[in-house]
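Counting in this note's numbering, the sequence shown runs from 2 upward without gaps. Here is the structure we will look at.
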Amino acid sequence: MTFWQRFMRILGSLLVILVALVLMSGAGEAYPIIILVYGFSLFFSGISRLFFFFTMSKNMVGGKLDLYRGVFLIDIGVFTLSLHSIPHLYVLLYLTGMLGFYGIVEILGALDSRRLQGHWMMQMARGIGSILIMFLCLFFLNSPDTAVIIYALGLIYTSILRIISAFRNTNIIAIQ
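Below, the structure written as structure tokens:
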């Protein structure tokens, strides 16, 4: 991981912690904030993937995967931004579903890294923590304020683990 990647990971994680603290302070009014932050982050992540595709990976092996990811992320971001006028229960179900999907992807990535003898324990901890927070949010679905606080604590948990993993030494393979 380069210095710039480490810096962006730490900065992004600190911004997520800040958003989580704002969510915890105004749990009842937090749904529009959650939708805006989550939708715009997905949208701009998709834009950056498309920018990378058109500038770098267009002619690379497997480069079309960046195109598909970018279009998918933009689509999910626009869909998330359109959720502002539906009941909060459905928004919470959508967000916990996305959190569960993130946890499953992290667990599968950790199992793959374990098979390849890589760093896998931090990634597995993030995945298991995301799945547990999803189940806690679903358990407290009848109390939306409590569910938002649990969701914010989950954001803080994953952000702290991302900051810790940013400081981990990574091996750089040089091809001569």
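The C-beta atom is built at its ideal place from N, Cα and C for all residues, glycine as well.
Buried versus exposed call for Glu107 [16 or more other C-beta atoms within 10 Å across all chains shown]: One-based indexing of the sequence shown puts residue 107 at position 106. It counts as buried.
Counted within 10 angstroms of its Cβ, other Cβ atoms place Arg116 as buried (16 or more) or exposed: Residue mapping note: residue 116 aligns to position 115 of the sequence shown, counting from 1. Exposed.
Reduced DSSP secondary structure (H/G/I, E/B, other) of Glu30: Numbered from its first residue, the sequence shown carries residue 30 at position 29. Coil, per DSSP.
Contact the segment 118 to 127 vs the segment 144 to 157: 3+ CB pairs below 8 Å: no
Closest residue to Val92 among Leu142, Gly110 and Lys59 (Cα-Cα distance): As a working mapping, residue 92 is identified with position 91 in the sequence shown. The shortest C-alpha separation from Val92 is found at Leu142.
Continuous alpha helix (DSSP H) stretch holding Ser114: start and end: By one-based count along the sequence shown, residue 114 stands at place 113. Counting along the chain, the alpha helix (DSSP H) containing Ser114 begins and ends at His89 to Arg116.
Opening and closing residue of the alpha helix (DSSP H) in which Lys65 lies: Position 64 of the sequence shown, counting from 1, holds the residue named residue 65. Here the alpha helix (DSSP H) through Lys65 covers Lys65 to Leu82.
Distance between Ile134 and Ile87 (C-alpha atoms, nearest Å): Sequence index remark: in the sequence shown, residue 87 carries index 86 (1-based). Sequence index remark: in the sequence shown, residue 134 carries index 133 (1-based). Using only the alpha carbons, I get a separation of about 23 Å.
Of the listed residues Ile77, Asp76, Phe54 and Ile75, nearest to Leu66 (C-alpha basis): On the sequence shown, residue 66 is found 65 positions in, with the first residue counted as 1. With distances taken between Cα atoms, Leu66 lies closest to Phe54.
Touching by the beta-carbon criterion (3+ pairs, under 8 Å), the segment 59 to 73 and the segment 94 to 106: no
C-beta atoms of Leu100 and Ser131 nearer than 7 Å: Walking along the sequence shown from the start, residue 100 turns up at place 99. Walking along the sequence shown from the start, residue 131 turns up at place 130. Yes.
C-alpha distance - Leu137 paired with Ala111, whole-angstrom precision: To locate residue 137, count along the sequence shown from 1; it is residue 136. To locate residue 111, count along the sequence shown from 1; it is residue 110. Going from the Cα of Leu137 to the Cα of Ala111 covers about 22 Å.
Range covered by the alpha helix (DSSP H) that runs through Leu139: Here residue 139 refers to the residue found at position 138 when the sequence shown is read from its first residue. Element bounds for Leu139: Met122 to Phe140.
Three-state class that DSSP yields for Thr159 in the structure shown: Within the sequence shown, numbered from 1, the residue matching residue 159 stands at position 158. Reduced to three states, the DSSP call for Thr159 is helix.
Cβ-Cβ separation, Ile75 to Phe1 (assumed contact under 8 Å), whole Å: Beyond the ends of the chain as shown, which are 2 and 177, falls residue 1; an answer cannot be given.
Sub-7 Å separation of Ile164 and Ala21 beta-carbons: Residue numbering aside, residue 164 sits at position 163 when the sequence shown is read from its first letter. Residue numbering aside, residue 21 sits at position 20 when the sequence shown is read from its first letter. It is not a contact, given that the beta carbons lie outside the stated cut-off.
DSSP state of Met61 mapped onto helix, strand, coil: The sequence position of residue 61 within the sequence shown is 60, counting from 1. Coil.
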